[in-house]
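Colleague: In this text, residue positions in the sequence shown follow my numbering: the first is 5, and each later residue adds one. Mind looking over this structure? Questions follow.
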Amino acid sequence: TGMAFRVPTIDVSVVDLTCELETATSYEEICAEVKRRAEGDMKGFLGYCDEDLVSTDFETCTISSTFDSKASIMIDPTFVKLVAWYDNEWGYSCRVVDLIKHMAKVDAGESGAAPKGVKKSVADLSDADLDGKTVLIRCDLNVPLNGDLEITDETRITASIPTIEYLCKKGAKVLACSHLGRPKNGPEDKFSLKPVAKRMGELMGKDIKCAPDCKATDEVKKMVGAMGKGDVMILENTRFYKGETKNDPELAESMASLADLFVNDAFGTAHRAHSSTEGVTKFLKPNVSGFLLKKELDYLAGAVDSPVRPMCAIVGGAKVSTKIPVIESMLDKVDKLVIGGGMVFTFLKARGLSVGGSLVEEDMLDLAKKLEEQAKAKGVELILPSDIACGDAFPADGKEVGFKVVPATEIPDGWLGLDNGPEATEEIKKALADCKTVIWNGPMGVFESPQFSKGTYEIAECLAELTEKNGAI
């Protein structure tokens, strides 16, 4: 028996489960059993950690929960407090909302809501602000590399170039910084930004060097000092330092000391309070958005505040509990609501259907019913998948598992729903066909596995086509 308290933070929720045991046992036995299950039949759903954890250690999580053996406590042989973490995905939504609020206040500056003359994007900077100045620009250069360290998709590089070229034309010396991948143990060649510097140089027709560090080491300071107007240099991967994701002020101050002002042009990471995104703004003024970030914010603000209809929201991800604020707010704005990802099975079970071994939040069944009733009352078309791609196990670490597609009403015992089936995907495409505004939050399935990525990627391709052919946003 026990009681769980969910304490949401920006990045994750922590669950404190107080358990009274029927038979006396030791804490070591409990940890050993949790670890055995995490490495065995619950691999992919349950993780085990025996290191100190804080919320900033989490960014995204491919497993449902992580058992924290350091934080859990054995009170006596029959009484234990267990602690587990999971990515609640509120971090992304909170940061985007903060960004929109900030930009709205800045945009209102001329009417008095914010100080007049506030510089909000690079376009607002004068020639004197940039000429001869060193600009630190946070880009999203997290590109995929193959085994030979060759870039397989340069979209993020090309998207970063317009702001960098603008700064160069204004006589600035440009220091670009970014993360790449998720290095765990400091510098690793496979996570170096050297291939990015080489390719960006080719695209821009410039000699772009990659500094050996992102901090202001003597060597890096010497390289920066040798830069001329219009030169570009990329600082090495910011995540080679663990302090980056913890928003370490010393790391932020070191990076900031290399420059005169800061430009954030990385929408994909702008919601994270990291040293290279939020930390450096405490040491550099002005700090403004780049063209790419401003464009994304303008699109998002327009989509939320004054959407062109019909409007659809696609809400995916694992858990209903993490998406409650998103779903409830969308019900007042959209004409159609697509539910995808693991949360589908909580909605299906709330309808009285069998969902096999699929992920279900039992304590959210009543809420799922309520949300469906609210959608109906508001005239919102709520779309759940009609068929499901199932696996006989979770595809942990990219392994292949047994695969079958079944109607949503006939998920077999022991099988897990892991993606939308082809029929469901076609139904979603049909629902999207006439939409002019679409907001998408969360995947349709376990897209990290090639077996269960089709539902997510086909919807992405559909939206790209709608944007190109129908002018949808």
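Ideal placement from N, C-alpha and C gives every residue a C-beta, glycine not left out.
Going straight from the alpha carbon of G209 to that of T159, what length do you get?
Modeller: Counted from its first residue, the sequence shown places residue 209 at position 205. Counted from its first residue, the sequence shown places residue 159 at position 155. So the alpha carbons of these two residues sit roughly 17 Å apart.
Colleague: What is the C-beta distance between G406 and G395, in whole angstroms, given that I count them as a contact (C-beta under 8 Å)?
Modeller: Here residue 406 corresponds to residue number 402 of the sequence shown, with the count starting at 1. Here residue 395 corresponds to residue number 391 of the sequence shown, with the count starting at 1. G406 to G395, Cβ: 6 Å. Contact.
Colleague: For the stretch 346 to 357 against the stretch 299 to 311, do three or more pairs of beta-carbon atoms, one drawn from each stretch, fall closer than 8 Å, so that the two count as touching?
Modeller: Taking 8 Å as the limit for Cβ pairs, the verdict is that the stretch 299 to 311 does not touch the stretch 346 to 357.
Colleague: With a Cβ-Cβ cutoff of 7 Å, do C143 and A180 count as a contact?
Modeller: Counted from its first residue, the sequence shown places residue 143 at position 139. Counted from its first residue, the sequence shown places residue 180 at position 176. Closer than 7 Å, so yes.
Colleague: Taking Cβ positions, are L50 and S76 nearer each other than 7 Å?
Modeller: As a working mapping, residue 50 is identified with position 46 in the sequence shown. As a working mapping, residue 76 is identified with position 72 in the sequence shown. Taking 7 Å as the Cβ cut-off, L50 and S76 do not qualify as a contacting pair.
Colleague: Quick check: S258 and K219, are their CB atoms within less than 7 Å of each other?
Modeller: Here residue 258 refers to the residue found at position 254 of the sequence shown. Here residue 219 refers to the residue found at position 215 of the sequence shown. For S258 and K219, yes; Cβs fall inside 7 Å.
Colleague: Return the residue from the list L86, L470, S182 and L129 that minimises the CA-CA distance to E32.
Modeller: Counted from its first residue, the sequence shown places residue 32 at position 28. Ranking L86, L470, S182 and L129 by Cα distance to E32 puts L86 first.
Colleague: Taking just the CA atoms, how far does V308 sit from P389?
Modeller: Counted from its first residue, the sequence shown places residue 389 at position 385. Counted from its first residue, the sequence shown places residue 308 at position 304. Their backbone Cα atoms lie some 25 Å apart in a straight line.
Colleague: Does the beta carbon of A28 sit closer than 7 Å to a beta carbon anywhere in chain C?
Modeller: Checking the listed chains, one finds no chain C in this structure; it contains a single protein chain.
Colleague: Look at V409 and G425 and say whether their C-beta atoms are less than 7 Å apart.
Modeller: Walking along the sequence shown from the start, residue 409 turns up at place 405. Walking along the sequence shown from the start, residue 425 turns up at place 421. A contact, by the Cβ cut-off of 7 Å.
Colleague: I believe E240 touches D217 by the beta-carbon criterion, under 8 Å. Please report the beta-carbon distance rounded to the nearest angstrom.
Modeller: Walking along the sequence shown from the start, residue 240 turns up at place 236. Walking along the sequence shown from the start, residue 217 turns up at place 213. The pair is a contact, with the Cβ atoms about 5 Å apart (cut-off 8 Å).
Colleague: Looking only at DSSP bridge pairs, what is D72 linked to?
Modeller: Walking along the sequence shown from the start, residue 72 turns up at place 68. Paired residue(s): C53.
Colleague: Give the single residue among I392, I415 and L149 whose Cα lies nearest to the Cα of D423.
Modeller: Residue numbering aside, residue 423 sits at position 419 when the sequence shown is read from its first letter. For D423, the nearest C-alpha among the options comes from I392.
Colleague: If we require 3 or more residues per run, which beta strand (DSSP E) segments fall completely within the stretch 211 to 284?
Modeller: 236 to 238 and 265 to 268
Colleague: Can you tell me which of D417, I432 and C439 puts its alpha carbon nearest to the alpha carbon of T471?
Modeller: To locate residue 471, count along the sequence shown from 1; it is residue 467. For T471, the nearest C-alpha among the options comes from C439.
Colleague: In terms of residues, what are the limits of the beta strand (DSSP E) holding P166?
Modeller: In the sequence shown, counting from the first residue as 1, residue 166 sits at position 162. No beta strand (DSSP E) holds P166; the alpha helix (DSSP H) holding it covers T159 to K173.
Colleague: Three-state secondary structure (DSSP) at R355?
Modeller: If you number the sequence shown from 1, residue 355 lands on position 351. It is coil, neither helix nor strand.
Colleague: Quick one, are the C-beta atoms of E376 and L386 less than 7 Å apart?
Modeller: Position 372 of the sequence shown, counted from the start, is the residue given in the question as residue 376. Position 382 of the sequence shown, counted from the start, is the residue given in the question as residue 386. For E376 and L386, yes; Cβs fall inside 7 Å.
Colleague: Would E365 and K323 qualify as a contact pair, given that the criterion is a beta-carbon distance under 7 Å?
Modeller: Counted from its first residue, the sequence shown places residue 365 at position 361. Counted from its first residue, the sequence shown places residue 323 at position 319. Closer than 7 Å, so yes.
Colleague: Which residues in the same chain as T281 place their Cβ atom closer than 8 Å to its Cβ, once the five residues preceding and following it in sequence are excluded?
Modeller: Taking the sequence shown and counting its residues from 1, one reaches residue 281 at position 277. Excluding the 5 residues flanking it on each side, T281 has same chain C-beta neighbours closer than 8 Å at R142, N268, A270, T273 and A274, in chain order.
Colleague: Assuming A212 contacts V236 (C-beta within less than 8 Å), just tell me the rounded distance between them.
Modeller: Position 208 of the sequence shown holds residue 212. Position 232 of the sequence shown holds residue 236. For clarity, residue 212 is Ile in the given sequence; the question names Ala instead. Their Cβ separation, rounded to whole angstroms, is 5 Å, which keeps I212 and V236 in contact under 8 Å.
Colleague: Return the CA-CA distance between P314 and T441, expressed in angstroms with no decimal places.
Modeller: Your numbering for residue 314 matches position 310 in the sequence shown. Your numbering for residue 441 matches position 437 in the sequence shown. Roughly 7 Å separates the two Cα atoms.
Colleague: Across which residues does DSSP place N445 in a beta bridge pair?
Modeller: In the sequence shown, the residue the question calls residue 445 occupies position 441. Bridge partners of N445: V319.
Colleague: For P447, count neighbouring C-beta atoms within 10 Å of its own C-beta (all shown protein chains included) and say buried if the count is 16 or more, exposed if not.
Modeller: Counting from one through the sequence shown, the residue named residue 447 turns up at place 443. Burial call: buried.
Colleague: On the DSSP bridge assignment, give the partners of G421 in chain order.
Modeller: As a first step, residue 421 must be located in the sequence shown, where it is residue number 417. For G421, the pairing in a beta bridge is given by DSSP as C394.
Colleague: Looking only at its own chain, which residues have a Cβ that is under 7 Å from the Cβ of C466, when we skip the five neighbours before and after it?
Modeller: Mapped onto the sequence shown, residue 466 falls at position 462. Correct list, in chain order: K433 and L436.
Colleague: Between the C-alpha atoms of G113 and K124, what's the straight-line distance to the nearest angstrom?
Modeller: What you label residue 113 is simply residue 109 of the sequence shown in a count that begins at 1. What you label residue 124 is simply residue 120 of the sequence shown in a count that begins at 1. The predicted model places G113 with a pLDDT of 46, which falls under 50 and marks its position as unreliable, so this point remains unresolved.
Colleague: Please classify D401: does DSSP put it in a helix, a strand, or coil?
Modeller: In the sequence shown, residue 401 corresponds to position 397, counting from 1. Helix at D401.
Colleague: Buried or exposed for E249, please, with buried defined as at least 16 other CB atoms from any protein chain shown within 10 angstroms of its CB.
Modeller: On the sequence shown, residue 249 is found 245 positions in, with the first residue counted as 1. The identity of residue 249 in the sequence shown is Thr, whereas the question assumes Glu. So T249 counts as buried.
Colleague: Quick one: is T242 buried, meaning 16 or more other Cβ sit within 10 Å of its Cβ, or exposed?
Modeller: Position 238 of the sequence shown, counting from 1, holds the residue named residue 242. Buried is the call here.
Colleague: Can you give me the Cβ contacts of S261 inside the same chain, cut-off strictly under 7 Å, excluding the 5 residues immediately before and after it?
Modeller: Residue 261 sits at position 257 when you count from the first residue of the sequence shown. Result list for S261: A220, in chain order.
Colleague: Determine the burial state of D72: buried for a count of at least 16 other Cβ atoms within 10 Å of its Cβ, exposed for fewer.
Modeller: Taking the sequence shown and counting its residues from 1, one reaches residue 72 at position 68. Label assigned to D72: buried.
Colleague: Pull the bridge partners of V342 from the DSSP assignment, please.
Modeller: Here residue 342 corresponds to residue number 338 of the sequence shown, with the count starting at 1. Residue pairing of V342 in beta bridges, as defined by DSSP: I318 and I387.
Colleague: Does the Cβ-Cβ distance between C23 and V84 come in under 7 Å?
Modeller: Position 19 of the sequence shown, counted from the start, is the residue given in the question as residue 23. Position 80 of the sequence shown, counted from the start, is the residue given in the question as residue 84. A contact, by the Cβ cut-off of 7 Å.
Colleague: Using DSSP's beta-bridge definition, name the partner residues of A180.
Modeller: Numbered from its first residue, the sequence shown carries residue 180 at position 176. In DSSP, A180 forms a bridge with I141 and I238.
Colleague: Does any heavy atom of the ligand SAM sit closer than 6 Å to the C-beta of R276?
Modeller: The ligand SAM is not among the ligands present in this structure, which contains no ligands whatsoever.
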